[in-house]
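> Under full-length UniProt numbering, read the sequence shown as residues 1 to 372, first letter to last.
C-beta atoms are modelled at their ideal positions from N, C-alpha and C, and glycine is treated no differently.
Note that the structure is a prediction, hence the values are computed from the model and not measured.
Handing you this structure, nothing more for now.
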Amino acid sequence: MVVGIHRKTIAYIDTQAIISNIQQEIQWMDKGTALYAVVKADGYGHGAVEVAKAAREAGATGFCVAILDEALELRKAGFTEPILILGLVDVAYTELMASNKLSVAVSSIKWLDQAQAILKKSNRTEKLAVHVALDTGMGRIGFKTADEVQAVEKWFEANESLYFEGIFTHFAKADSRDESHFNQQMEKFNVLISNLHQKPPFVHTANSATALWHKGCSSNLIRFGIAMYGLNPSGSLLPEPYPLKPVMRISSEISHIKQMQEGETIGYGATYRAHEGEWIGTIPIGYGDGWRRDLQGHDVLVEGHRCEIVGRVCMDQCMIRLPYEVAEKTEVVLVGQSQNETISMQEIADYLHTIHYEVTCGLTTRIPRKYI
């Protein structure tokens, strides 16, 4: 998708906020713990490469991604730090991962057998580092039983082409007030890894939520994701142990303004009928940018005033009701602060009945990211 550099709709990314969030977590986490910055999904919509640069500056010693291509993007950008691919990768790319010194999640011995055969056939000397996934209650990927864990360890003892670098799980409800499911998963994880004669270098369970609210949980590596971007993993259910700084601010401008007559309609479906004398402004952003169609009725900020989005959000534009006539090119803040008013990413998510992860990841590349 083309980047819209010739309009004033921009997502500003505060790299100092990224640095602050990471450095606060480093101070908070247990000593001897590594922090890997999670930059999957293009850095949750913030831009993976630039986020990774800021994270490295802040003290992150490695990175987590979801798919192979995201790891290769970081290598191409010059990052030499450890990179862990958290999703499963087709075994056909074993050589590519090994040659790029990438670590990858695995959840079957069949995959290990096939990867070993590929590496032996290629006569490569590089070992492929793997992290064994355990399914303790997420129901996504991973081994589930003690017998499977024992079989995996025996496999590594008998084979040398792959390096047993880590073992991990992922919690389904680490961001919940009710800790019963979390505790069940934690207990199962501890039982499963107790079947190992020797643990690998990395034993990790901690995503952002676990890192914030469940210290000391059998983890010597933190996968620091959404909190790095200044967003509370629980939404607003749990208080943060330290203040997170929001990283993204989205702004646009008034591209057109008009005064309406009684009964005139706005947008597709004519869903809004104006009152006499209302001022309506048009903004160049729409669902083609990831500014969702169901944000009709929500607010933006103009000169510190909340202004309702009226009519349906179009693909490329949306309309707002202004409190008075303003000049074209006046700034419109969609996420962030304008004078004494603020619209947070959490507020947007609450209005859409979703989570802020989905909002930031849904912003398309047509919106340029500007790093400040």
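1) Using beta carbons (cut-off 8 Å, strictly below), is Gly-288 in contact with chain C?
2) Check Gly-281 in the structure and name its three-state DSSP category.
3) Compare the Cα-Cα distances from Tyr-324 to each of Ala-133, Ala-60, Phe-168, Gly-281 and report the closest residue.
4) Within the continuous beta strand (DSSP E) that includes Tyr-324, where are the two ends?
5) By a C-beta neighbour count over all protein chains shown, 10 Å radius and 16 as the cutoff for buried, is Val-89 buried or exposed?
6) Hey, could you find the ends of the alpha helix (DSSP H) Ser-20 is sitting in?
7) Measuring CB to CB, does Ala-206 end up less than 8 Å from Pro-233?
8) Would you kindly report the start and end of the unbroken alpha helix (DSSP H) that includes Gln-150?
9) Could you give the distance in angstroms between the alpha-carbon of Tyr-272 and the alpha-carbon of Leu-134?
10) Is DSSP giving His-204 helix, strand or coil here?
11) Pick from Leu-301, Glu-303, Gly-311, Asp-30: whose alpha carbon is nearest that of Arg-292?
12) At the level of alpha carbons, what is the spacing between Arg-369 and Val-106?
13) Determine the extent of the alpha helix (DSSP H) in which Ser-180 is found, giving its start and end residues.
14) What would DSSP say about Ser-122, mapped onto helix, strand or coil?
15) What is the rounded straight-line gap between the Cα of Leu-72 and the Cα of His-275?
16) Who are the near neighbours of Cys-361 in its chain, counting only those whose CB is closer than 7 Å to its CB and skipping five residues on each side?
17) By Cβ distance below 8 Å, which residues in the same chain neighbour Ile-67 in space, the five residues on each side in sequence not counted?
18) Going by CA-CA distance only, name the one from Glu-50, Arg-306, Ile-10, Asn-159 that's closest to Leu-112.
19) Would the beta-carbon of Phe-79 be found less than 7 Å away from any heavy atom of the ligand NAP?
20) For Glu-262, does the count of other Cβ atoms within 10 angstroms reach 16, so buried, or fall short, so exposed?
21) Spell out a yes or no on whether the stretch 350–357 and the stretch 313–327 are touching, meaning 3 or more CB-CB pairs, one atom from each, closer than 8 Å.
22) In the structure shown, what three-state DSSP assignment does Arg-293 receive?
23) Between the stretch 218–225 and the stretch 246–266, do at least 3 Cβ pairs fall closer than 8 Å?
24) To the nearest angstrom, how far is the alpha carbon of Gln-24 from that of Ala-58?
25) Do you know offhand how far Ser-236's Cα is from Lys-120's?
26) Taking Leu-192 as the reference, give the member of Glu-153, Trp-279, Phe-224 with the closest Cα.
27) For Leu-363, tell me which candidate among Ile-5, Gly-288, Pro-241, Met-97 has the shortest Cα-Cα distance.
28) So Ala-34 and Gly-62 are supposed to be a Cβ contact under 8 Å. How far apart are they, rounded?
29) Hey, Met-345 and Val-359 are a contact pair by Cβ (cut 8 Å); roughly how many whole angstroms apart?
30) Are the Cβ atoms of Glu-81 and Arg-56 separated by less than 8 Å?
On the basis of the coordinates in this document:
1) In the displayed structure, chain C is absent; only one protein chain is listed.
2) DSSP places Gly-281 in strand when its eight states are reduced to three.
3) Sorting Ala-133, Ala-60, Phe-168, Gly-281 by C-alpha distance to the C-alpha of Tyr-324 places Gly-281 at the top.
4) Element bounds for Tyr-324: n/a, residue is neither H nor E.
5) By the 10 Å Cβ count, Val-89 comes out buried.
6) Here the alpha helix (DSSP H) through Ser-20 covers 15–28.
7) No; because the gap between Cβ atoms is not below 8 Å, this pair is not in contact.
8) Counted as a single uninterrupted DSSP element, the alpha helix (DSSP H) harbouring Gln-150 occupies residues 146–158.
9) Taken atom to atom, the span from the alpha-carbon of Tyr-272 to that of Leu-134 is near 52 Å.
10) The answer is strand: DSSP assigns His-204 an E or B state.
11) Here the closest residue by C-alpha is Gly-311.
12) Cα to Cα, the separation comes out at about 34 Å.
13) Note, Ser-180: alpha helix (DSSP H), 180–193.
14) Here Ser-122 carries a helix assignment [DSSP, helix/strand/coil].
15) C-alpha separation (whole angstroms): 55 Å.
16) Excluding positions up to five away in sequence, the list reads Ala-41, Tyr-44, Gly-45.
17) Short of 8 Å from the beta carbon of Ile-67, and not among the five residues preceding or following it, lie these beta carbons of its own chain, in chain order: Lys-40, Ile-85, Gly-87, Val-89.
18) A check of alpha carbon separations from Leu-112 across Glu-50, Arg-306, Ile-10, Asn-159 identifies Asn-159 as the nearest.
19) For the structure depicted, the ligand NAP is absent and the ligand set is empty, with no information on it obtainable.
20) Its Cβ having fewer than 16 others within 10 Å, Glu-262 is exposed.
21) Touching, no, given that fewer than three Cβ pairs across the two stretches are closer than 8 Å.
22) Arg-293 carries a helical assignment under DSSP once its states are collapsed to helix, strand and coil.
23) Of all C-beta pairs linking the stretch 218–225 to the stretch 246–266, fewer than three are shorter than 8 Å, placing the two stretches out of contact.
24) Cα atoms of Gln-24 and Ala-58: separation of roughly 10 Å, rounded to the nearest angstrom.
25) If you draw a straight line from the Cα of Ser-236 to the Cα of Lys-120, it is about 51 Å long.
26) Closest by alpha carbon: Glu-153.
27) Ranking the options by Cα distance to Leu-363, first place goes to Gly-288.
28) Ala-34 to Gly-62, Cβ: 7 Å. Contact.
29) Indeed, because the Cβ distance is near 6 Å, the residues count as touching under 8 Å.
30) The criterion of a C-beta distance shorter than 8 Å is satisfied by Glu-81 and Arg-56.
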